[in-house]
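Report on the following structure.
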Amino acid sequence: MIQTVFSAALPMGESLVVSKNRIVGARKAGPRIAVVTGMHGDALAGQFVTFELARRLRERPGDLLGVVDIYPALNPLGLSSREHGVPQFDIDLDRTFPGNADGNLTEALAAAVLDDICGASACLVIHSSDAFVQELTQARIDEADPKVLVGIASQLNVRLVWVREPSAPLGSTLAHALNERGTPTLEIKMGSDVRVAENEASWLVEGILRMLEHLRAWSGPTILLPQPRVSDGSDVITLLSEEPGLFLPRAEHGSEVRPGQSIGIVVDALEGTVRHEVRSPCAGLLFALRTYPVVYPGSLVARVLEVPR
Amino acid sequence: MRRGIIYQMNIPHRESLSIRGFEFGCEGGEHSCAIIGSLRGNEVQQAFVCATLVSLLERVERSGGIVDNKSILVVPCANPLSMNVRERFWPGDRADINRSFPGDEHGRSTERIAAALMRVARLFTYGIQLCSFNQPGDFLPHVRITRHGHISDESLGYAEEFALPYAVCREPTPFDTTTLNYVWQQCGTHAFSLYSRATDRIDTGSAKVVSDAVLRFLVARGVIRLGDGNDIGIGEAERTRLLCEADLVDVRTRRSAGFFVPAVGVGDRVRRGQRLGAVLSTGDARLLETLTTPDAGRVFFMRTDPLIQQHMVALRIAP
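Heads up: the sequence lines are chains Y and G, in that order.
Residue numbers for the first sequence follow the numbering used here, beginning at 1 and rising by one.
Residue numbers for the second sequence follow the numbering used here, beginning at 310 and rising by one.
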C-alpha cells in the first residue's frame, strides 16, 4: 500500500511528495521494519535495493510476519535532478534531523519522516558512496552503545561492520536521531554514486531478509554468508594522495592486498611523470578505492581494513 | 602592511592555491584581531568587504592609527580556487571548508586548508568572520554569536561595540561544531560572525555598514584609533538590540505555494497584524494566502526568491 509521509506544495502546481510502500505480512502484529534510501539525489544504489526488496516480499507474502515500510526517495526533487542536496536549499538533508515540524520545508520534511519511522523495531538507512570513491557494501555505526546494532548488522551479508567514534556533526543524521529515540538504526554505505550495481544490491537484499528473520519478521528462505569483520576503526587505514594529478589504480577494488603493494599511482599528464605512488602499509581488504581520477593533495584514494595480527 | 601567504597547495591542471593574508600593526606584537572573508566560492560580498578593510586599515596604519603593540590580520578569501570558477564548495570533492574545522594538516584537502587557517587564526584575541546565509534572502546587517559557554557570554558583552542594529545569539546544532566560528571559540578566541545583505553580488551600501562596524569594534577594543591624521569617515552608530534566534518571529507560507509578492521591505517597522505580502497563484495570479505578522517589530529577513514553496519562511520579524 502506497502511503504519503509528507507533502508540500511547489510554486508551479506540483507537490513534493515523500511516499512509502507499506507491505503488511500474514501476521500483522509482528515487528515493523523500515528501509530508507534516496536521501541524496546523486546516490542511487539504494533504489535497486528497495525495488528488489519490495518484489521479493510481494512474491512470498505468507512468509512476512510483520510490516515492512520502504521509503525509496526521501529527496525526490534531488533524485529527479541529480542534485546531492535538496534543490534550491543548498542543504544536505541528512544533516537536518531531527527537523522541525514548524520549520522550513526541509526541516518539516525531516520531522515528518522521523515521526513516521519512530517506533519501528529496526531501521536501515542506505547510502551510496559519492562520485569519487567506490565502497564495498558495509554497515556503519556511529553510536556510543553499538552492541544491539552490531548484532543486527551481522545478519546483513556485508563484508564489514565499521563502528566509528560518535562525532558531533553526525548528531544531525536520520540514523542518529532514530537511535536517540530508541529505534535501532543502521547505516549502509555501498557502491558508487549514480551506478546501480545489481549484484551487490541483490546480496544486500538477501541480507535484509536475514535481518527480518533475525527480528522474527520473515519465515521464508534466506542465504547464509560468512560473518562480517567488525572494526572499531583502529584497523581502518585511510590512504590519501599527497600530490595533485591523475590517479590510476593498480589494485582491484575488494581484493586482499599485501604490505607494500601498490594501490595506484598519481601521474602528471603534462610532464609524463609519476608524481606519487600510493602503497598499502599493511595486509588487508581494499574496501574503498578511488574511481574519479583527478586528485588533489589530501584526496581520498583508498581505505584498507588491516588483517588482524 | 605586510603581505603574506598563509597556505599553498599544488592543484591539478591549475596554478597553486595561495591563501593570502594582510597584516597590520606591530610585527611580533599582540595578536589582536583576525578578520576572515570568503570560505566559499560564491561569497563575493564577503571578499569585497575584506578587501575594503585592507584598503582602510592601510590608511589607518599609514597615519599611525594602529595602537602600539597591536596587530590585525585580514584574509579576504580562503577559497580562491572555488571563487575563480564560481563554485560554492571545494572543486575537488565538493566539501565545505566551513564544515572542516578544526582541520587536519595531514587530512583531506579542505581539512588541510582549515588547519592552516586555524594555526594562524587561533592566536588572536578576537575573530571576525564575514558570513553568508544559505537561503536566498535579504536581511538587516547584524552580528551573530554562537553560544559556547563562558567565552560567548563575554563576546555578547562586546557585540554592541559593532553598533549594528542587532546582535543575534544562536544555540549551536551538532552540524555547527565544525565551523570556523565554533572552533575559534573552543580555542579561546572571541568569535563574531558578521552578516552583510548580499553574497554573490556586491552591495556597496551594506558593505560599508559592515566595514564601518568592524572599524568601530577595533576602536572600542583599543586596537586602532581613528581621526589621528586619517580622514576615514564611519557611518552613524546604531544602538544594538540583543536577540536570541528564537525571539525572531517567522512569517511562513502555511497552506500554499506560488509567486511571493512582498508588501514591505527589509528594515521596515511593522504593526501587529499588518499585511506583509501575499502568495499568488502561478496560473491566474489569484490570491492564495495573505501573510501577516503576529507581532509588531522590524522586518529582519525577507525572502528574495519570487517563487515560494509551502512551509517556507517568507519573512522574519525582530520584535
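Every residue gets a Cβ at the ideal spot worked out from N, C-alpha and C, and that includes glycine.
- By the criterion of a C-beta distance shorter than 8 Å, Gly284 of chain Y is surrounded in its chain by Asp235, Ile237, Glu256, Val257, Val304, Leu305, Glu306 and Val307, once the five residues flanking it on both sides are discounted.
- Distances from the alpha-carbon of Lys20 of chain Y to those of Y:Leu114, Y:Arg27, Y:Arg290 and Y:Asn100 put Y:Leu114 closest.
- For Asn100 of chain Y, the secondary structure class from DSSP, reduced to helix, strand or coil, is coil.
- Using a C-beta cut-off of 8 Å, the segment 68 to 82 of chain Y makes no contact with the segment 416 to 433 of chain G, since fewer than three inter-stretch Cβ pairs fall below that distance.
- Look at Ile320 of chain G: its C-beta is under 8 Å from a C-beta on chain Y.
- Within 7 Å of the CB of Val622 of chain G, the CB atoms of chain Y belong to Asn104, in sequence order along the chain.
- When C-beta distances to chain Y are compared with 8 Å, the residues of the segment 406 to 426 of chain G below that value are Arg408, His415, Gly416, Arg417, Ser418, Thr419, Glu420 and Arg421, in chain order.
- Inter-segment contact for the segment 564 to 577 of chain G and the segment 606 to 617 of chain G is present: three or more beta-carbon pairs are separated by less than 8 Å.
- The C-beta distance from Cys118 of chain Y to Val36 of chain Y rounds to 12 Å, too long to meet the 8 Å contact threshold.
- Chain order gives the chain G residues near Glu243 of chain Y as Asn319, where near means a beta carbon separation below 8 Å.
- Distance from the Cα of Ala623 of chain G is smallest, within the candidate group G:Ala500, G:Tyr435, G:Leu596 and G:Val558, for G:Val558.
- Three or more beta-carbon pairs separated by less than 8 Å are not found between the segment 214 to 231 of chain Y and the segment 186 to 193 of chain Y, which leaves the two stretches without contact.
- Ala43 of chain Y is positioned such that its CB atom lies no closer than 8 Å to that of Ile23 of chain Y.
- Taking C-beta atoms as the reference points, Phe287 of chain Y and Arg159 of chain Y count as a pair closer than 8 Å.
- Look at Gln619 of chain G: its C-beta is under 8 Å from a C-beta on chain Y.
- Per DSSP, the beta-bridge partners of Leu16 of chain Y are Y:Ala8.
- For Gln3 of chain Y, the secondary structure class from DSSP, reduced to helix, strand or coil, is strand.
- If you ignore the 5 residues before and after Leu390 of chain G, its C-beta comes within less than 7 Å of the C-beta of Ile320, Leu326 and Pro400, all in its own chain and listed in chain order.
- The alpha carbon of Val266 of chain Y has as its nearest neighbour, out of Y:Gly254, Y:Ile141 and Y:Ser299, the alpha carbon of Y:Ser299.
- With the rule of 3 Cβ pairs closer than 8 Å, the segment 129 to 139 of chain Y counts as touching the segment 193 to 201 of chain Y.
- For Ser299 of chain Y, at least one C-beta of chain G is nearer than 8 Å to its own C-beta.
- Think of a sphere of 7 Å around the beta carbon of Ala566 of chain G: the chain Y residues whose beta carbon falls inside it are Ala9, Leu10 and Pro11, in chain order.
- It is roughly 42 Å from the alpha-carbon of Gln354 of chain G to the alpha-carbon of Val163 of chain Y.
- Judged by DSSP in its simplified three-state form, Arg534 of chain G adopts coil rather than helix or strand.
- Relative to the Cα of Gly531 of chain G, the nearest Cα in the group G:Ile375, G:Leu616 and G:Glu545 belongs to G:Ile375.
- By the Cβ neighbour-count rule, Cys440 of chain G is buried, with 16 or more other Cβ atoms within 10 Å of its own.
- By the neighbour-count criterion, in which 16 or more other beta carbons inside 10 Å mark a residue as buried, His340 of chain G falls on the buried side.
- Between Ser80 of chain Y and Ala177 of chain Y, the alpha-carbon positions lie close to 26 Å from each other.
- Counting only Cβ-Cβ distances below 8 Å, Ile91 of chain Y has contacts in chain G at Asn443, in chain order.
- In the DSSP assignment, Arg368 of chain G falls within the unbroken alpha helix (DSSP H) covering Val353 to Arg371.
- Contacts with chain Y at 8 Å (Cβ-Cβ) include Leu616 of chain G.
- Counting along the chain, the unbroken beta strand (DSSP E) around Arg612 of chain G starts and ends at Gly606 to Arg612.
- Secondary structure remark: continuous alpha helix (DSSP H) runs of at least 4 residues inside the segment 102 to 169 of chain Y, in chain order: 105 to 117 and 147 to 153.
- In the structure shown, Phe48 of chain Y adopts helical secondary structure according to DSSP, grouped into three states.
- Neighbourhood of Ser172 of chain Y in chain G, by CB distance below 9 Å: Thr482, Pro483 and Phe484, in chain order.
- When rounded, the separation of the alpha-carbon atoms in Ile328 of chain G and Arg279 of chain Y is 31 Å.
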